[in-house]
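Numbering (the numbering used here), first residue to last: 1063 to 1340. Read the structure below first, then the notes.
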Amino acid sequence: MPASLTTTFTNRILQGAAASLIVLALAGCSTTKDRMTTGSVPKLTKPVEEMDATELRSATDRLGQAYEKNPRDPVTGVSYANLLRMNGRDAQALAVMQQVAISNPADRNVLAAYGKAQAAAGQFQQALDTIGRAQTPDRPDWKLISAEGAILDQMGKASDARQRYRDALDIQPNEPSILSNLGMSYVLTGDLRTAETYLRSAASQPTADSRVRQNLALVVGLQGRFPEAEQIARRELSPQQADANVAYLRGMLSQQNSWQKLAAKDKTPGAADGSNTN
């Protein structure tokens, strides 16, 4: 599986659900692509979402060298921290963003990235506080609102999280990243049918990226429809990437105990909205 997609699943294990589920959440915040196109940041040959593990490590090394030369630069720091998180190096990403935030305390993009790094490191309340400081009440940013939802989901506050996603959709209707996060919120409380509805809506949007479709493949597979899940997982990817994705998906779905518990919860009345709220 491409490293970026692997971390999309493996580094977002939300606590407090009936089973440990691997979801797109805070990479998240919004799943829109983090492009690095400014002159201060080394240009990449392809979107990070399409890189394999070797390419991702190489890009991270190059960004790291640029960061060492100018650790105060917000664009370089944020881009480097994003790549570190995609490599699963959450603690290092947090350390980078702490330094960048000290140098750029009023930069909204820096604060948002700092909040993402805090959440990835398990510092959920601190992440909410940081993202709250980045928000502007008179011009609310839907990406930050969706990020708050993802953090609340990780805190086990499903109803509050879903309300934030809906608030974000009021600002940015049909945004696939928000719909994907909303769908995965329902996965966490065992409502796979509702989750699939939102994820199919997300995947049907013209701006949806491959990470949204991988989440849809996961949810379809969790319901026992693996041939369909495999077909979804193979879309838009090279044969090598698709084979890796399918192998990874099979491995996840082979964890029968967790998935059986989830399926049982899916059949339990009241398992949907709000059942995981603290």
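Here a beta-carbon is modelled for each residue, glycine too, at the ideal position from N, C-alpha and C.
Would you mind working out which of the options sits nearest residue i, comparing C-alpha positions?
i: R1262; options: T1251, L1244, Q1303, L1250; result: L1244
i: L1385; options: Q1188, R1170, Q1234, R1287; result: Since the displayed the chain opens at 1063 and closes at 1340, residue 1385 lies outside it and no answer follows.
i: A1209; options: Y1129, F1186, D1200, P1199; result: F1186
i: P1133; options: V1172, Q1197, A1264, K1205; result: V1172
i: V1274; options: V1282, A1265, L1280; result: A1265
i: D1232; options: A1128, Q1127, K1205; result: K1205
i: E1290; options: P1301, D1222, L1311, Q1302; result: L1311
i: P1202; options: A1220, Q1127, A1230, Q1160; result: A1230
i: L1250; options: Q1161, Q1127, S1221; result: S1221
i: G1313; options: T1269, P1199, T1198, L1284; result: L1284
Who are the Cβ neighbours of residue i in its own chain at under 7 Å, not counting the five residues just before and after it?
i: S1120; result: none
i: A1153; result: A1183
i: V1308; result: E1292, A1295, R1296
i: Q1267; result: N1236, P1238
i: T1122; result: L1145, L1146, N1149
i: A1279; result: A1291, I1294, A1295, L1311
i: T1269; result: P1238
i: S1165; result: R1134
i: Q1302; result: none
i: S1304; result: Note on residue identity: the sequence assigns Ala, not Ser, to residue 1304. For A1304, where only same-chain residues beyond five positions count, the Cβ hits under 7 Å are A1295, R1296.
For residue i, I'd like the list of residues in its chain whose CB is within less than 6 Å of its CB, leaving aside the five on either flank, ordered along the chain.
i: L1156; result: A1179, A1183
i: T1116; result: none
i: E1258; result: V1281
i: R1226; result: I1207, E1210, G1211
i: I1213; result: A1181, F1186, A1189, L1190
i: M1217; result: F1186
i: R1151; result: none
i: Q1127; result: none
i: K1131; result: none
i: Q1160; result: none
Which whole-angstrom value describes the C-beta separation of residue i and residue j, a residue pair presumed to lie in contact below a C-beta threshold of 8 Å?
i: R1170; j: A1196; result: 5 Å
i: D1215; j: S1247; result: 5 Å
i: A1163; j: Y1176; result: 5 Å
i: V1174; j: I1193; result: Correcting the residue identity first, residue 1174 is Ala in this sequence and not Val. Correct: roughly 6 Å between the Cβ atoms.
Can you give me the Cβ contacts of residue i inside the same chain, cut-off strictly under 8 Å, excluding the 5 residues immediately before and after it?
i: Y1129; result: D1135, T1138, G1139, Y1142, V1158
i: Q1341; result: In this structure the chain extends from 1063 to 1340, so residue 1341 is not present and cannot be described.
i: T1198; result: R1170
i: P1331; result: Residue confidence for P1331 is low, a pLDDT of 42 falling below 50, so the modelled location carries little weight and cannot support an answer.
i: R1228; result: L1244
Where in the segment 1231 to 1295 do unbroken runs of the alpha helix (DSSP H), each at least 4 residues long, occur, reported from the N-terminal end onward?
-> 1238 to 1250, 1254 to 1265, 1272 to 1284, 1288 to 1295
Any alpha helix (DSSP H) of 4 or more consecutive residues that is wholly inside the segment 1139 to 1199 | 1152 to 1165, 1170 to 1182, 1186 to 1196
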